[in-house]
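Novice: Heads up: the protein sequence lines correspond to chains F and S, in order.
Here the first sequence stands for residues 5 to 276, numbered as in our numbering.
Here the second sequence stands for residues 16 to 350, numbered as in our numbering.
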Amino acid sequence: MTFKNIFFALSLFTATLFIASCDKDKNDIDPNEKGSMTLHFDNRLGNADLVLNTGTYNNALNQPFSLTMFNYFVSNIQFHNIDGTTYTVPQNESYFLVKESDPESQEITIDNIPEGDYDKVTFVVGVDSTRNTMPIADRTGALDPAGEAAGMYWMWNSGYIFLKMEGLSSVAPLDSASNTNLFQYHIGGFGGYSSPTINNIKTVALPFGSTKAEIRTDVAPEAHIFVDAAKVINGTTNIDFAAYPVVMFNPYSTNIANNYANMFAIDHIHND
Amino acid sequence: MKQYLWTSILCLGVFAACQKNDKPEFTGFENPTHFPTATYPFNSNPVTEAGFELGRKLFYEGKLSRDGSISCGSCHLQSAAFSHVDHTVSHGIDDKLGTRNAPAVQNMAWSSTFMWDGGVHNLDMFSFSPIENPVEMDEKVANVLLKLQATTTYPPLFKAAFGTEEINSMRMMQALSQFMCMLVSANSRYDQFVQGNNDALNATEKEGLTIFRAKCANCHTEPLFTDNSFRNNGLPIGNDKGRSRITLNPADDYTFKVPSLRNIEKTMPYMHNGSLHSLDAVLDHYQNGIQQTPNLDPLLTNGLALSDAEKEQLKAFLLSLTDNDFIREPKFSEF
Numbered sequence: 005m006t007f008k009n010i011f012f013a014l015s016l017f018t019a020t021l022f023i024a025s026c027d028k029d030k031n032d033i034d035p036n037e038k039g040s041m042t043l044h045f046d047n048r049l050g051n052a053d054l055v056l057n058t059g060t061y062n063n064a065l066n067q068p069f070s071l072t073m074f075n076y077f078v079s080n081i082q083f084h085n086i087d088g089t090t091y092t093v094p095q096n097e098s099y100f101l102v103k104e105s106d107p108e109s110q111e112i113t114i115d116n117i118p119e120g121d122y123d124k125v126t127f128v129v130g131v132d133s134t135r136n137t138m139p140i141a142d143r144t145g146a147l148d149p150a151g152e153a154a155g156m157y158w159m160w161n162s163g164y165i166f167l168k169m170e171g172l173s174s175v176a177p178l179d180s181a182s183n184t185n186l187f188q189y190h191i192g193g194f195g196g197y198s199s200p201t202i203n204n205i206k207t208v209a210l211p212f213g214s215t216k217a218e219i220r221t222d223v224a225p226e227a228h229i230f231v232d233a234a235k236v237i238n239g240t241t242n243i244d245f246a247a248y249p250v251v252m253f254n255p256y257s258t259n260i261a262n263n264y265a266n267m268f269a270i271d272h273i274h275n276d
Numbered sequence: 016m017k018q019y020l021w022t023s024i025l026c027l028g029v030f031a032a033c034q035k036n037d038k039p040e041f042t043g044f045e046n047p048t049h050f051p052t053a054t055y056p057f058n059s060n061p062v063t064e065a066g067f068e069l070g071r072k073l074f075y076e077g078k079l080s081r082d083g084s085i086s087c088g089s090c091h092l093q094s095a096a097f098s099h100v101d102h103t104v105s106h107g108i109d110d111k112l113g114t115r116n117a118p119a120v121q122n123m124a125w126s127s128t129f130m131w132d133g134g135v136h137n138l139d140m141f142s143f144s145p146i147e148n149p150v151e152m153d154e155k156v157a158n159v160l161l162k163l164q165a166t167t168t169y170p171p172l173f174k175a176a177f178g179t180e181e182i183n184s185m186r187m188m189q190a191l192s193q194f195m196c197m198l199v200s201a202n203s204r205y206d207q208f209v210q211g212n213n214d215a216l217n218a219t220e221k222e223g224l225t226i227f228r229a230k231c232a233n234c235h236t237e238p239l240f241t242d243n244s245f246r247n248n249g250l251p252i253g254n255d256k257g258r259s260r261i262t263l264n265p266a267d268d269y270t271f272k273v274p275s276l277r278n279i280e281k282t283m284p285y286m287h288n289g290s291l292h293s294l295d296a297v298l299d300h301y302q303n304g305i306q307q308t309p310n311l312d313p314l315l316t317n318g319l320a321l322s323d324a325e326k327e328q329l330k331a332f333l334l335s336l337t338d339n340d341f342i343r344e345p346k347f348s349e350f
């Protein structure tokens with residue numbers, strides 16, 4: 005065998021190795037490799053898709069209503085690997101505003117997740133207290149009160165509005181400014197800066213069930229999350245549109261936050 | 016001919032020197048030596064000449080309001096130490112009235128909370144509030160940015176201050192903060208006195224200072240003349256519950272931020288609701304006008320024991336807190 009032939013054989017062998025590695029088995033996990041996963045927040049009302057403005061519904065107190073706005077922050081996302089490790093999305097990239105009026109905002113894709121089988125996602129509904137007190141330079145993107153977060157920030161009482169639900173109900177009193185029977189639930193409160201006050205930060209854990217999210221370089225799973233807007237107003241406390249047409253920064257808001265902490269559920273995971 | 020040339024060069028030299036004297040070198044933020052260290056995070060937003068000048072232009076910019084009629088400077092007048100002299104409560108767009116008296120904008124770099132109720136705790140996040148308040152400027156900051164972007168004047172100013180022509184909320188707010196942090200009042204006759212000029216205060220004013228230290232300085236702590244706390248000072252109570260709007264704590268009902276007394280001669284009317292229109296009325300209130308209301312500050316339960324002579328001395332001292340350099344400083348003015 006000449007030197008030239010040996011070189012040729014070695015090249016062929018190396019090439020074969022490369023091809024083999026490309027064609028690796030789905031069960032091969034290399035935690036140094038990264039993949040993506042999408043969280044799809046599918047806003048619903050009861051058993052039906054949520055339709056703003058034209059959809060008509062009844063709450064648990066049998067009061068009729070429709071919704072004109074449904075927005076909430078999702079932040080501090082963590083993916084839990086079946087091996088016991090967790091992947092925490094880098095803090096600066098972990099703030100998202102989901103708006104029913106903006107379908108693109110309902111699909112959150114996270115990149116750079118180590119390959120692995122994941123069985124749970126956790127996140128905060130709202131914005132954590134640290135970020136609520138950070139310098140303006142750390143409030144870009146979804147957190148810019150003059151940008152994406154317009155309308156989701158209390159300027160007179162520095163802090164983000166975590167969830168905003170507005171709608172109409174014939175039982176709500178007539179609002180003189182808009183001449184409509186309006187209800188408005190603007191829920192926030194990160195616990196206070198120098199004096200403690202209400203804290204409506206809620207952490208949600210969603211186990212995926214029997215199907216794991218198999219994150220690979222070439223497999224980007226999607227978690228289809230049902231978000232039942234009815235659970236904002238129905239739950240431990242059934243919200244009465246007549247008695248509580250406007251709930252913003254006040255102690256009663258904690259009832260609504262406790263309700264909506266339960267509005268998320270995994271419908272299914274798909275790995276294709 | 017040669018003689019003319021030399022004369023011309025000499026004239027030019029003198030002319031250049033005069034120009035230089037007209038515009039002193041920009042020194043940035045300077046912490047007065049008799050003040051504590053400022054709390055504003057200058058490391059994240061250092062004051063530069065271009066940033067300060069942009070902030071000054073924004074402070075006096077009507078485009079910050081919905082219809083162009085109101086700027087920050089409309090209710091914060093330099094001649095009144097950047098407060099709204101003679102206006103009981105703030106007077107905003109469409110002649111709408113607010114609920115509280117526009118406070119003086121001075122020594123902001125030492126303040127950790129803003130507004131009478133302390134609802135804002137970061138100077139860079141402050142200006143959103145008056146801009147978007149329906150009875151003040153009634154505009155959206157996002158729309159202000161669009162209006163500024165559409166001008167030919169602002170993009171180069173943002174470039175000079177921040178490196179590129181991009182106009183965003185962070186840059187706008189940081190420029191406003193740079194201007195507001197430069198509004199330092201630290202050269203009243205009181206300041207000269209505490210820095211060693213014994214003649215800066217006369218005998219009556221010195222008597223007044225002694226009374227002040229005994230009876231007022233617990234809350235109006237030198238040298239900033241506020242301890243930044245929230246207190247109920249015994250005014251008749253109204254609908255405004257003050258600090259508890261932010262904390263939701265009934266123990267904070269009817270408490271408001273202790274204001275600085277610097278330039279008090281220029282900032283009438285007084286109190287969060289502008290209800291007292293003269294220094295005499297203020298001193299009368301503390302002497303015999305205290306109302307026994309929920310959460311009244313314990314220091315004021317019995318009012319302040321002041322004789323009429325002591326009130327005059329105290330008033331003389333308070334007038335020594337006027338800082339004419341601050342009120343007349345050309346670099347703080349609109350034009």
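We put the CB at the ideal spot given by N, CA and C, even for glycine.
Small disclaimer: the values here were computed from a predicted structure and weren't measured.
Do we get a CB-CB distance below 8 angstroms when we pair S/Asp139 with the residues of chain F?
Specialist: yes
Novice: Run the CB neighbour count on F/His274, radius 10 Å, all protein chains shown included, and call it buried at 16 or more, exposed below.
Specialist: exposed
Novice: Need the endpoints of the alpha helix (DSSP H) that F/Asn263 sits in, please.
Specialist: Here the alpha helix (DSSP H) through F/Asn263 covers Ser257 to Tyr264.
Novice: Considering only the beta carbon of each residue, do S/Leu336 and S/Tyr205 sit closer than 8 angstroms?
Specialist: Contact flag set, yes.
Novice: For S/Glu147, is the classification buried or exposed, using 16 other Cβ atoms within 10 angstroms of its Cβ as the cut-off for buried?
Specialist: buried
Novice: Going by DSSP in three states, S/Pro265 sits in which element: helix, strand or coil?
Specialist: helix
Novice: So S/Pro47 and S/Val199 are supposed to be a Cβ contact under 8 angstroms. How far apart are they, rounded?
Specialist: Confirmed, about 7 angstroms.
Novice: Quick one: Cα of S/Pro149 to Cα of S/Lys111, how far?
Specialist: Near 9 angstroms, if we compare the C-alpha coordinates of S/Lys111 and S/Pro149.
Novice: Just mark S/Leu161 as buried or exposed, buried being the case when its beta carbon has 16 or more other beta carbons within 10 Å.
Specialist: Exposed, because fewer than 16 other Cβ atoms sit within 10 Å of the Cβ of S/Leu161.
Novice: Is DSSP giving S/Gln307 helix, strand or coil here?
Specialist: coil
Novice: Assuming S/Gln93 contacts S/Ser275 (C-beta within less than 8 angstroms), just tell me the rounded distance between them.
Specialist: No, S/Gln93 and S/Ser275 are not in contact; Cβ-Cβ is about 16 angstroms, not under 8 angstroms.
Novice: For the alpha helix (DSSP H) that contains S/Val159, what are its first and last residues?
Specialist: Val156 to Gln164
Novice: Comparing alpha-carbon positions, which option in S/Glu45, S/Phe44, S/His49 and S/Phe41 lies nearest S/Phe240?
Specialist: S/His49
Novice: Would you identify the three-state DSSP class for S/Met187, choosing helix, strand or coil?
Specialist: helix
Novice: Could you list which residues in chain S have their beta carbon closer than 7 angstroms to that of F/Tyr197, in chain order?
Specialist: Under the 7 angstroms cutoff, chain S gives His136.
Novice: Could you confirm whether any beta carbon from chain S is found closer than 8 angstroms to the beta carbon of F/Asp148?
Specialist: yes
Novice: Can you name the residues that DSSP bridges to F/Trp158?
Specialist: When beta bridges are read from the DSSP output, F/Trp158 appears opposite F/Gly163.
Novice: Relative to the alpha-carbon of S/Ala324, which residue among S/His235, S/Glu220, S/Lys281 and S/Leu263 has its alpha-carbon at the smallest distance?
Specialist: S/Glu220
Novice: Can you pull the chain F neighbours of S/Gln164, defined as C-beta to C-beta under 8 angstroms?
Specialist: Within 8 angstroms Cβ-Cβ: nothing; S/Gln164 doesn't reach chain F, min ~12 angstroms.
Novice: Whole alpha helix (DSSP H) runs in the segment 194-238 of chain F with 4 or more residues, listed along the chain?
Specialist: 234-237
Novice: Less than 8 angstroms separating the beta-carbons of S/Met286 and S/Leu250?
Specialist: Yes. Within cutoff.
Novice: Scan the segment 179-199 of chain S for residues whose Cβ lies nearer than 9 angstroms to a Cβ of chain F and list them as they occur along the chain.
Specialist: Asn183, Ser184, Met185, Met187, Met188, Gln189 and Ser192
Novice: Leaving aside the five residues before and after F/Gly163 along the sequence, list all residues of the same chain whose C-beta is less than 6 angstroms from its C-beta, in chain order.
Specialist: Cβ within range, chain order: Asn136, Gly192 and Phe194.
Novice: Restricting to Cα atoms, I'd like to know which of F/Ile202, F/Lys124 and F/Asn36 is closest to F/His84.
Specialist: Of F/Ile202, F/Lys124 and F/Asn36, the smallest CA-CA separation from F/His84 is found for F/Lys124.
Novice: Which residues in the same chain as F/Asn238 place their Cβ atom closer than 8 angstroms to its Cβ, once the five residues preceding and following it in sequence are excluded?
Specialist: Asn63, Ala64 and Asn263
Novice: Between F/Met159 and chain S, is there a C-beta pair that is closer than 8 angstroms?
Specialist: yes
Novice: Indicate whether the contact test is met: 3 or more Cβ pairs, each with one atom in the segment 88-107 of chain F and one in the segment 67-78 of chain F, closer than 8 angstroms.
Specialist: Short answer: they touch.
Novice: Please name the residue or residues paired with S/Lys72 in a DSSP beta bridge.
Specialist: Answer is none; S/Lys72 lacks a bridge partner.
Novice: S/Phe341 and S/Asn278: beta carbons closer than 8 angstroms?
Specialist: yes
Novice: What whole-angstrom Cβ distance do S/Val104 and S/Asn288 have, given they're in contact under 8 angstroms?
Specialist: 7 angstroms
Novice: Against F/Thr137, what residues of chain S qualify as contacts under a CB-to-CB distance less than 8 angstroms, listed in chain order?
Specialist: His136 and Asn137
Novice: Within this structure, are the beta carbons of F/Ser40 and F/Asp115 separated by less than 8 angstroms?
Specialist: yes
Novice: Which residues bound the alpha helix (DSSP H) around S/Ile146?
Specialist: Phe143 to Glu147
Novice: Helix or strand or just coil, what does DSSP make of S/Ser348?
Specialist: coil
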